[in-house]
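Peer 1: This structure is in structure tokens; I'll ask about it shortly.
Residue numbers (the working numbering): 671 to 1507.
What follows is the structure, given as structure tokens:
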């Protein structure tokens, strides 16, 4: 009956009719009368029996515009349900570059980019320096995964030798999802013995699969290896394989998905996240020592707050080789609804009513595991059967099964997932329609991430938050629960006790002052637990941080641990301890760490930044649910770049959200229309340097022939010759030689016979200011106005400006760009001496 309601509402909204009547058998009358009030049906007896679905406008949501209702997401799949710009047939389109269209897919090829931001990020990823860093911020649903896919394809097809990409993801559910997706994509390319094996390294996998993955990584033959921060940094076998790959030059890129979690989770909740940056620096040093090819670092996220941005930049930047591509905007798909409840009973009624009326699939989010189980009991008792739950105690296999059911269209599928934040990131299920929060997420970022699980297909979705806000002191309301979930970090005295245990129980000290610590050490006053390692990592990370900087941390080889007797490998029993359980530590200054006063004075410098950030974000959430701040304003306050970074990277201005969303309660009340998104600044990124020997010869041509070496080289095509076989041949030669030289972007028409075995970009109808920050050729044809504008535009990337004109005979009548022009034939003669055919 729920799906019948959804189909009726879809038809009514799409066709703008008040009620669509469908007949039913009189034998079903009793059953329909039992559920019609709960599900919002009207029964009509008129020459038979008919039902219609009523628009859902509950009084407890306050005043609702007559043309809108929270169940509007039922119209998804129809033209009236289109929200994302890339769904609009009349929008500006971004055709795929030739290499992007070659990325393996299991279905329709990537024939276009979803957004200009995705296009910029993909282009930056494949053209950046091999040891550079790219931080890409694109909204959920913009296709961030394709960035990693493009680099993987480049490393397999366009590299001198095959190289692997390591993709770090936050959840096992996402690892399983991407594993299945990538193997499907390569099903027509790779042999069965590669496709039948897992591409994700997760806990609990058998040793044979681990050995196979390690070998694929070492040799570069595995296109993509997906793993978690814990496996990447704590598993000695994977870390060892990674080092072997780097030594051989076979690691193409380290890609970190949901990179904002490096800070949000890494500082206290999941410290292995922060170990990723330390491992990366070690691997880059290793590549230097081995004189091997280096690897790219790509950090991707949909949301990046001020504190997270500064932290990510500080930990992953490469001097003169760091770039940002940012295309931040409020997602147009979700309609936001909020109704604070005063009692548990009231909230329960509202949630059940919402589940009865909202379209499927639906996610119901809560904060605690016991709440997940409570809602499952209530909904099961109401007759719902296609329900799954996901929380922190859900096994990996169960998470994988839930994802598979979500994507299934058959009887084994699922309609409702009840979850905590454990199911809130990177869930790539396009058709989720509704998200209900029976809680208050502790940060604006978590809330926006979870809202973003719906509407990934570009169609309208519904986001409904029903928090419990009680004035009674004996009830723990959702604000209290959110506060207890907020980041609190380690108190100075707790950190001091953990350091004391690490120091006093150190297994070995060296003569140079360095010493080995065991990160599984348990303080004397505590019982050993799985929490020892992460909390000890927090202490070591803090002490080595730029804020404190009192120790240096180094990896230690297993052979050294055997030599000093810290590890004893028994061939009969196998390895008992991982190499990653131990670290080599050395003081950078006097050891002041045995005094509690030092911790009380200094530890807050490391600890308090994220704590204050978390507290401020919770206060913003309170203002949202109290209708004091519109969601769009809260997002704007959350996602801002600091001024000093904007000065260095103007692209970060795109992080600031512009205008009003038009879809949250305060925007609707104020009748603010949704803001039309447009990029404030075109993207610029650092590009890999071309062959310097060839490039310097090319620069000599520029300096010897052209009057203005700092301006584009204008190449003339005689208009009378355009279209002739001779000119076509010359154009093909020009394009091919420039592609070999290192020109990456070609604007305007390209010759029919131009083909390159390199990655290159193409925009057919660019504006004069559209050339990206890569070596470029701009063909303006006969549009001399565009030629003049492109010539005068302050861009260093346009090397060659190709135009159809005869040079004026009189100096006074020449346009500015004519003074810097040369005939195509003469230019080719010069070019042949630089770039071989």
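From the three backbone atoms N, C-alpha and C, an ideal C-beta is built for every residue, glycine too.
Does the Cβ of residue 753 have 16 or more other Cβ atoms within 10 Å, making it buried, or fewer, making it exposed?
Peer 2: Looking at its Cβ environment, which holds 16 or more other Cβ atoms inside 10 Å, residue 753 is buried.
Peer 1: At which residue ranges does the region 887 to 953 contain complete beta strand (DSSP E) runs of 3 or more residues, listed in the order of the chain?
Peer 2: 894 to 897, 921 to 926
Peer 1: Taking the CB atoms as reference points, tell me whether residue 1086 and residue 1123 lie closer together than 8 Å.
Peer 2: no
Peer 1: With distances taken from CA atoms, which of 1399, 915, 1455 is nearest residue 1494?
Peer 2: 1399
Peer 1: Determine the direct distance from the alpha carbon of residue 897 to that of residue 875, and round the result to whole angstroms.
Peer 2: 12 Å
Peer 1: Span of the alpha helix (DSSP H) holding residue 1015?
Peer 2: 1014 to 1027
Peer 1: Around the C-beta of residue 993, are 16 or more other C-beta atoms found within 10 angstroms, so that it is buried, or is it exposed?
Peer 2: buried
Peer 1: At the level of alpha carbons, what is the spacing between residue 1334 and residue 1111?
Peer 2: A direct Cα-Cα distance of roughly 17 Å separates residue 1334 from residue 1111.
Peer 1: How would you label residue 771, buried or exposed, when you count the other beta carbons within 10 angstroms and need 16 or more for buried?
Peer 2: exposed
Peer 1: Applying the criterion that 16 or more other CB atoms from any shown protein chain within 10 Å of the CB defines a buried residue, is residue 1347 buried or exposed?
Peer 2: buried
Peer 1: Contact check, residue 1132 vs residue 740 under 8 Å by CB: the rounded distance?
Peer 2: 5 Å
Peer 1: Which residues bound the alpha helix (DSSP H) around residue 1277?
Peer 2: 1266 to 1295
Peer 1: Of the choices 1161, 959, 1226, whose alpha-carbon is the least far from that of residue 1268?
Peer 2: 1161
Peer 1: For residue 1432, which residues does DSSP report across the bridge?
Peer 2: 1416
Peer 1: Taking only three categories from DSSP, how would you classify residue 837?
Peer 2: Correct three-state label for residue 837: strand.
Peer 1: Grab me the residues of residue 939's own chain with a C-beta within less than 6 Å of its C-beta, minus the 5 sequence neighbours each way, in chain order.
Peer 2: No residues qualify anywhere along the chain.
Peer 1: So what's residue 789 in DSSP terms, helix, strand or just coil?
Peer 2: Residue 789 falls in the helix class under three-state DSSP.
Peer 1: I'd like to check one pair, residue 680 with residue 744: are the Cβ atoms closer than 8 Å?
Peer 2: yes
Peer 1: So, do the region 1088 to 1106 and the region 783 to 797 have three or more beta carbon pairs nearer to each other than 8 Å?
Peer 2: No, the region 1088 to 1106 is not in contact with the region 783 to 797.
Peer 1: Which of the three DSSP states, helix, strand or coil, is assigned to residue 1098?
Peer 2: Correct three-state label for residue 1098: coil.
Peer 1: Between the alpha carbons of residue 695 and residue 1435, how many angstroms are there, rounded?
Peer 2: 59 Å
Peer 1: Taking the alpha helix (DSSP H) that residue 978 falls in, what are its first and last residues?
Peer 2: For residue 978, the enclosing alpha helix (DSSP H) has its first and last residue at 976 to 986.
Peer 1: Is it buried or exposed for residue 1159, if we count other Cβ within 10 angstroms and need 16 for buried?
Peer 2: buried
Peer 1: Is any beta-carbon of chain B found at less than 8 Å from that of residue 1127?
Peer 2: No chain B is part of this structure, which consists of one protein chain only.
Peer 1: Leaving aside the five residues before and after residue 688 along the sequence, list all residues of the same chain whose C-beta is less than 8 Å from its C-beta, in chain order.
Peer 2: 682
Peer 1: How do the region 998 to 1009 and the region 841 to 857 stand: do at least 3 beta-carbon pairs fall below 8 Å, yes or no?
Peer 2: Touching, no.
Peer 1: Determine the closest residue to residue 886 out of 900, 871, 1486, with distance taken between C-alpha atoms.
Peer 2: 871
Peer 1: Out of 727, 1218, 1254, which one is the CA nearest neighbour of residue 1227?
Peer 2: 1254
Peer 1: Given this structure, state the Cα-to-Cα distance separating residue 1243 from residue 878, to the nearest angstrom.
Peer 2: Residue placement at residue 1243 is poorly supported in this model, since its pLDDT is 49, which falls under 50; the coordinates still yield a value, given next. So the two alpha carbons sit approximately 18 Å from each other.
Peer 1: Specify the secondary structure class of residue 1181 as computed by DSSP and reduced to three states.
Peer 2: coil
Peer 1: Rounded to the nearest angstrom, what separates residue 831 and residue 963 at their Cα positions?
Peer 2: Pairing residue 831 with residue 963, the inter-Cα distance amounts to about 11 Å.
Peer 1: Straight-line CA distance for residue 1088 to residue 1044?
Peer 2: 10 Å
Peer 1: Is the distance from the Cβ of residue 1521 to the Cβ of residue 967 below 8 Å?
Peer 2: Residue 1521 cannot be examined here, being either before or after the span of the chain that is shown, 671 to 1507.
Peer 1: Among 1106, 1178, 1169, whose alpha-carbon lies nearest the alpha-carbon of residue 1194?
Peer 2: 1169
Peer 1: Three-state secondary structure (DSSP) at residue 769?
Peer 2: helix
Peer 1: Report, in whole angstroms, the separation of the C-beta atoms of residue 1029 and residue 1103, which I expect to be a contact under 8 Å.
Peer 2: 4 Å
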